[in-house]
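In the numbering used here, the protein residues as written are 5 to 265.
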């Protein structure tokens, strides 16, 4: 569902953030149009592929599933290759350093990291219905701590087409309103009295960007919220499961769940 929303600039060191986000914007523009060959995969598995690259200043390990559906597998391979390319492009030019004397030869050099893991969820036990790959994207480019984002890609396994929010719900505005109400109430209870109300209200408002990381599940949908969207870093990422029955007024595409109208 979400291939363009990536890391918030405030989470990155100045300069590196701008370059990486600019690279992602360029990549997103050509993502579906340009075929890209992935790097050599790691240990072979029939149901998984990986891109592993290690040098002195970076460590990349990106894993993604293989379904045996050619269109889906090709799309996932392109997505993974572009994520790697965007990350490397963002690090390609060294950030200018202020001249305050000779560099310290004993200064610690950190390694830039990109680690991508995933989970697969299916809307139905039938293999040709809806499925989602939920990617956890961990990066470290210096600073107090790394960064975590969650990106979901959903597919119609019968056709191999990637699903947008509009492909899943006939009434997108109605779906956003229902998701907003349900997620706010669930997270207000989960986070309790120590929640940051303005952050929670803003992060669950009925804005499409807030619900870009949405996965299909057998019960309905799962909404992922990365750190800083609805709560501080210390609270970690959040997720809310929304039952399909709560979304019926928004006209969900029921066949993705294997449900008859």
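C-beta: ideal position from N, C-alpha, C; glycine also. Remember, predicted model here, so these are calculated numbers, not experimental data.
| Item | Value |
| --- | --- |
| Residue 163: buried (16+ other C-beta within 10 angstroms of its C-beta) or exposed? | exposed |
| Just list the beta strand (DSSP E) runs in the region 155 to 184, keeping only unbroken ones of 3 residues or longer that don't cross its boundaries, in chain order. | 165 to 167 |
| Look at the Cβ atom of residue 152, then the Cβ atom of residue 231, and state whether they are nearer than 9 Å. | yes |
| Would a C-beta distance cut-off of 9 Å place residue 173 and residue 156 closer than the cut-off? | no |
| With DSSP collapsed to three states, give me the class of residue 72. | coil |
| When DSSP builds the beta bridges, which residues end up paired with residue 144? | 117 |
| Which residue wins for smallest C-alpha separation from residue 114, given the options 223, 261, 75, 95? | 95 |
| Roughly how many whole angstroms lie between the Cα atoms of residue 43 and residue 85? | Its pLDDT being 41, under 50, residue 43 is placed unreliably in this model, and the value from its coordinates should be taken loosely. Straight-line Cα distance between these residues: approximately 7 Å. |
| Should residue 82 go down as buried or exposed, given a rule of 16 or more other Cβ atoms within 10 Å for buried? | buried |
| Round the Cβ separation of residue 68 and residue 53 to the nearest angstrom and send it over; I've been treating them as touching at under 8 Å. | 6 Å |
| Need the endpoints of the alpha helix (DSSP H) that residue 201 sits in, please. | 201 to 208 |
| Count the other CB atoms, across all protein chains shown, that sit within 10 Å of the CB of residue 149; report buried if there are 16 or more and exposed otherwise. | exposed |
| Between the Cα of residue 126 and the Cα atoms of 178, 223, 118, which residue gives the shortest distance? | 223 |
| When we look at the beta-carbon of residue 207 and count the other beta-carbons within 10 Å, is it buried (16 or more) or exposed? | buried |
| Once the 5 residues before and after residue 79 are set aside, which same chain residues still bring their CB inside 7 Å of it? | 166 |
| In whole angstroms, give me the CA-to-CA distance for residue 55 and residue 137. | 17 Å |
| Go ahead and label residue 246 buried or exposed: buried means 16 or more other beta carbons lie within 10 angstroms of its beta carbon, across all protein chains shown. | buried |
| Taking the beta strand (DSSP E) that residue 218 belongs to, which residues open and close that run? | 218 to 221 |
| Once you ignore the five residues that flank residue 178 on each side, which residues in its own chain have a CB closer than 7 Å to its CB? | 253, 254 |
| Could you please give the first and the last residue of the uninterrupted beta strand (DSSP E) stretch that includes residue 227? | 224 to 229 |
| Would you report the Cα separation of residue 63 and residue 159, rounded to the nearest angstrom? | 29 Å |
| Can you give the beta carbon distance from residue 233 to residue 161, rounded, assuming they're within the 8 Å contact cut? | Not quite, the Cβ-Cβ distance comes to about 29 Å (not below 8 Å), so this is no contact. |
| On the three-state DSSP scale, how would you describe residue 256? | strand |
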